[in-house]
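Following: one structure in structure tokens, then a few remarks.
Residue numbers (my numbering): 790 to 850.
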């Protein structure tokens, strides 16, 4: 919960352009993580995008 509050505070201090850039980078990172999980199914098992989204909810991402 404290992490969510801090994130909210930081977002309020950012410009619209900074927020958009942050969101773009976050999407790229998540896409790379998802691709890694798919490429390494023998290690991580089958992971769907829905599975990844459920895990991210635990971290308020």
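Where a beta carbon is used, it is the ideal one built from N, C-alpha and C, also for glycine. Only a predicted model underlies this, so the values are computations on that prediction, with no experimental measurement involved.
Item, Value
"Assuming residue 836 is part of the alpha helix (DSSP H), what are its boundary residues?", "It is not in any alpha helix (DSSP H) - residue 836 carries neither H nor E in the DSSP assignment."
"Going by DSSP in three states, residue 804 sits in which element: helix, strand or coil?", "coil"
"Using the three-state DSSP reduction, which class does residue 846 fall into: helix, strand or coil?", "helix"
"Pick out whichever of 827, 831, 808 has its Cα sitting closest to the Cα of residue 841.", "827"
"What do you reckon, are the CB atoms on residue 794 and residue 800 nearer than 8 Å?", "no"
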